[in-house]
Amino acid sequence: MSRSEPYPPTDPTAVDVQQVLDVMSRANEISSTTESQELLEQMLDLIIEVCGADTGTMYLLDAERHELSFQLVRGQVREASLTGMRIPEDEGIVGAAVQQRRPVVVEDLASDPRWSKIARPQGVVLRNTIAFPLLLRGRPEAAIQVFNFRKKPLHLIQMLGNRMIAEYEKTVLLQTSRAYGSKLERLLKLMTQISATLDKDRLIERILDEAHRLLDAEGVSLFLLDDPGHELILHSSKGEHPIPEPVVRLPVDAGIIGYVVRSGEVVCLRDAAGDPRHYPEIDRLSGVTTRSLLAVPLRMPDVIFGQERGITEGRIIGGLEAINKQAGEFSQDDVLLLSSLAQQTALVIYLSNLYTEADELFVNTVRALVAAIDAKDPYTEGHSQRVSEYSVAMASELDLPPRVVQQVRLGALLHDIGKIGVPDTILRKPDRLTAEEYAEIKKHPLIGAKIIESVHQLEEIVPALAQHHERVDGKGYPLGLEGENISMIARLVAVADTFDALTSERPYRPAMNLEDALDIIRKSAGSQLDARCVDAFFRAYLKGKIKLKSGGLTNE
Numbered sequence: 011m012s013r014s015e016p017y018p019p020t021d022p023t024a025v026d027v028q029q030v031l032d033v034m035s036r037a038n039e040i041s042s043t044t045e046s047q048e049l050l051e052q053m054l055d056l057i058i059e060v061c062g063a064d065t066g067t068m069y070l071l072d073a074e075r076h077e078l079s080f081q082l083v084r085g086q087v088r089e090a091s092l093t094g095m096r097i098p099e100d101e102g103i104v105g106a107a108v109q110q111r112r113p114v115v116v117e118d119l120a121s122d123p124r125w126s127k128i129a130r131p132q133g134v135v136l137r138n139t140i141a142f143p144l145l146l147r148g149r150p151e152a153a154i155q156v157f158n159f160r161k162k163p164l165h166l167i168q169m170l171g172n173r174m175i176a177e178y179e180k181t182v183l184l185q186t187s188r189a190y191g192s193k194l195e196r197l198l199k200l201m202t203q204i205s206a207t208l209d210k211d212r213l214i215e216r217i218l219d220e221a222h223r224l225l226d227a228e229g230v231s232l233f234l235l236d237d238p239g240h241e242l243i244l245h246s247s248k249g250e251h252p253i254p255e256p257v258v259r260l261p262v263d264a265g266i267i268g269y270v271v272r273s274g275e276v277v278c279l280r281d282a283a284g285d286p287r288h289y290p291e292i293d294r295l296s297g298v299t300t301r302s303l304l305a306v307p308l309r310m311p312d313v314i315f316g317q318e319r320g321i322t323e324g325r326i327i328g329g330l331e332a333i334n335k336q337a338g339e340f341s342q343d344d345v346l347l348l349s350s351l352a353q354q355t356a357l358v359i360y361l362s363n364l365y366t367e368a369d370e371l372f373v374n375t376v377r378a379l380v381a382a383i384d385a386k387d388p389y390t391e392g393h394s395q396r397v398s399e400y401s402v403a404m405a406s407e408l409d410l411p412p413r414v415v416q417q418v419r420l421g422a423l424l425h426d427i428g429k430i431g432v433p434d435t436i437l438r439k440p441d442r443l444t445a446e447e448y449a450e451i452k453k454h455p456l457i458g459a460k461i462i463e464s465v466h467q468l469e470e471i472v473p474a475l476a477q478h479h480e481r482v483d484g485k486g487y488p489l490g491l492e493g494e495n496i497s498m499i500a501r502l503v504a505v506a507d508t509f510d511a512l513t514s515e516r517p518y519r520p521a522m523n524l525e526d527a528l529d530i531i532r533k534s535a536g537s538q539l540d541a542r543c544v545d546a547f548f549r550a551y552l553k554g555k556i557k558l559k560s561g562g563l564t565n566e
């Protein structure tokens, strides 16, 4: 029989107050690290040291697959071959700790039947172990296992572990925000390159090159419907094994790409070859075995120059497909990215000279990216687009220069992009937020400004992102600015944002009727909202430029 101690029995003399202070000071230093992998390594090293252990491992929990995946091996043995290995979440001693949500101590590993002989560090004799889960908001997100411990300060290491996973989440969110900003900048650069040429085929080649690079896919292909609409023809492909274009013609009802074109749906698969819609002939022609797949439809837009709304959806003319993500699986961000690129491809096909309207293309790229933020919360879908349109209507009433009106349009579209750094659990919460959750929400203006400030083409709209929750009476956030110290763009966005929030449904309340919402806007002039902007709002409203239609705006 093995001797296994459940939590919490622990030696109260294992740590003293000074040791706890020293350890927490070290943890605070480590938490300043902004790279997730470096943070995990340093924190695991600290836990190994606190336990006087020889080595330690860390696992991340994949809740969807119900698996634990090895993330790190540190200490005297650093077994790289274990990294990435997966085990069922309820297997072994570490699985027991995750299931019980508390530390498990085993003094004699050799006699414990739960001890796996497969997933273990090599090169050292392992005598005992402590395994404990890393809890975030009460749920296990990861686990740590240390071996050959000499001390077992369970409360201290559990506290460190929970701190570790909380800091890890923050660094991942920060890295996600940075990556998102980087992708935005690359897309904007792509749009600049596109505007420099009128050659349709060259433009498509550049878009596919960027899709291949940004998605980290083995291949990307563009299929277009023939004129009768009976076949899909491979127009172009990029990747390690490009398909010979003249060869591939598919019946419109064949393959996953055919399904996407017929249905207009996005398809994202981990195992495309196992899907009954898969068309094996494609693999034969390309010499590549399709594993993961992401496919989106191409919609031919209707372009109406001189209109505020600019571009609307039209008929489907083909599909854009990426296969075999090189690292991991295609994500929701990849879906949004490929959808955005598909939109741009459709624009190129429709009008090879549309890039004389480069600003409109730029705006639509931003709209596609902003949809990623609004889509995090189904109750705010389309919110940024409506706020942009309300804001532009007000800017026109103020006779602002065209360049400033364009800044208003972009600033309003991007005003909530900082919500990419706010956990979905808070954004989607069906009840009112707690004080702590509201504090997290209030960070989004500065997060958004931080993301956008490095994008040269958008630097003039940064104040709109940072200041749209300021109030003219100085009682807003995050900086408590007042009056003229708040940028004009931010003051316009504040009116539009408030109006749309009042007239939109939320999980915790229904949408307010139009008259009540207008009354609140009117009464807020001079306190919460800028009086000039409110006056411009009502002038636009009375002229019929602003009206609710299916939850949105109609410009007339």
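Residue 11 is where the sequence shown starts when you use this note's numbering, and the numbers rise one by one after that. Note that the Cβ used here is the ideal one computed from N, Cα and C, for glycine as well.
Per DSSP, residue i is paired with what?
{"i": "I243", "result": "L234, R259"}
{"i": "R419", "result": "For R419, which the question treats as bridged, DSSP gives no partner whatsoever."}
{"i": "F159", "result": "Looking at the DSSP assignment, F159 forms no beta bridge with any residue, so it has no partner."}
{"i": "I154", "result": "M68, F142"}
{"i": "R438", "result": "Partner(s): none; R438 has no beta bridge."}
{"i": "A227", "result": "K335"}
{"i": "L539", "result": "A535"}
{"i": "I97", "result": "L78"}
{"i": "R516", "result": "R519"}
{"i": "G493", "result": "Partner(s): none; G493 has no beta bridge."}
{"i": "K248", "result": "V230"}
{"i": "R4", "result": "Limits of the chain in this structure are 11 at one end and 566 at the other, which puts residue 4 out of reach."}
Write down the C-beta distance between residue i and residue j rounded to the nearest angstrom, noting that I regard them as a contact closer than 8 angstroms.
{"i": "I499", "j": "L512", "result": "Actually they do not touch by this definition, with Cβ atoms about 21 angstroms apart."}
{"i": "L475", "j": "A459", "result": "5 angstroms"}
{"i": "S401", "j": "V482", "result": "Not quite, the Cβ-Cβ distance comes to about 16 angstroms (not below 8 angstroms), so this is no contact."}
{"i": "R413", "j": "S398", "result": "In fact, because the Cβ distance is near 16 angstroms, the residues do not count as touching under 8 angstroms."}
{"i": "I266", "j": "D285", "result": "7 angstroms"}
{"i": "I333", "j": "A356", "result": "About 20 angstroms; that fails the 8 angstroms criterion."}
{"i": "D64", "j": "Q86", "result": "5 angstroms"}
{"i": "F142", "j": "P123", "result": "Wrong, their Cβ atoms sit about 20 angstroms apart, outside the cutoff."}
{"i": "D226", "j": "Q47", "result": "About 18 angstroms separates the two Cβ atoms, so there is no contact after all."}
Considering only the alpha carbon of each residue, which of the options lies closest to residue i?
{"i": "K429", "options": "A506, E399, H393", "result": "H393"}
{"i": "R173", "options": "A37, A63, R519, Q28", "result": "A37"}
{"i": "Q353", "options": "L330, S341, F340, E339", "result": "L330"}
{"i": "E10", "options": "R280, L234, V298, D263", "result": "Shown here, the chain extends from 11 to 566; a query on residue 10 therefore has no answer."}
{"i": "V380", "options": "Y400, P412, K452, L346", "result": "L346"}
{"i": "D510", "options": "G431, A422, K533", "result": "A422"}
{"i": "W125", "options": "L144, L145, E101, I359", "result": "E101"}
{"i": "Y178", "options": "S246, F159, L145, R542", "result": "L145"}
{"i": "G148", "options": "I175, I140, P163, I167", "result": "I175"}
{"i": "D72", "options": "L244, I451, E339, L164", "result": "E339"}
{"i": "S121", "options": "T139, S42, R111, Q110", "result": "T139"}
{"i": "M68", "options": "V230, R532, L456, R96", "result": "R96"}
{"i": "H454", "options": "L184, P150, I327", "result": "L184"}
{"i": "S349", "options": "A337, S273, A305", "result": "A305"}
{"i": "F233", "options": "R223, A227, L244", "result": "L244"}
{"i": "S79", "options": "I451, Q155, G62, M34", "result": "Q155"}
{"i": "L213", "options": "I427, E525, L351, I556", "result": "L351"}
{"i": "P163", "options": "P150, V115, E151", "result": "V115"}
{"i": "H76", "options": "I40, L558, V472, V108", "result": "V108"}
{"i": "S534", "options": "N523, A521, L552, V505", "result": "V505"}
{"i": "E391", "options": "T508, R516, L50, F547", "result": "R516"}
{"i": "G105", "options": "V134, A152, V135, L136", "result": "A152"}
At what residues does the alpha helix (DSSP H) containing residue i begin and finish?
{"i": "K533", "result": "524-533"}
{"i": "A449", "result": "445-451"}
{"i": "V569", "result": "Outside the displayed range of the chain (11 to 566) lies residue 569, so it cannot be described from this structure."}
{"i": "A38", "result": "The question names Ala, but residue 38 in the sequence shown is Asn. First-last of the alpha helix (DSSP H) with N38: 27-41."}
{"i": "V298", "result": "Looking at the DSSP string, V298 is not in any alpha helix (DSSP H), and its letter there is neither H nor E."}
{"i": "A476", "result": "472-477"}
{"i": "R396", "result": "393-407"}
{"i": "A459", "result": "454-463"}
{"i": "Y487", "result": "Premise fails: Y487 is in no alpha helix (DSSP H) and is neither H nor E."}
{"i": "S273", "result": "265-273"}
{"i": "L49", "result": "46-61"}
Let's see if you can read the secondary structure: which residues bound the beta strand (DSSP E) around residue i?
{"i": "E331", "result": "326-335"}
{"i": "E101", "result": "No beta strand (DSSP E) contains E101, which DSSP labels as neither H nor E."}
{"i": "V83", "result": "77-85"}
{"i": "P307", "result": "303-309"}
{"i": "V277", "result": "277-279"}
{"i": "V116", "result": "114-116"}
(message) Contact between the stretch 462-469 and the stretch 487-498 is defined here as three or more beta-carbon pairs at a separation below 8 angstroms; is this criterion met?
(response) no
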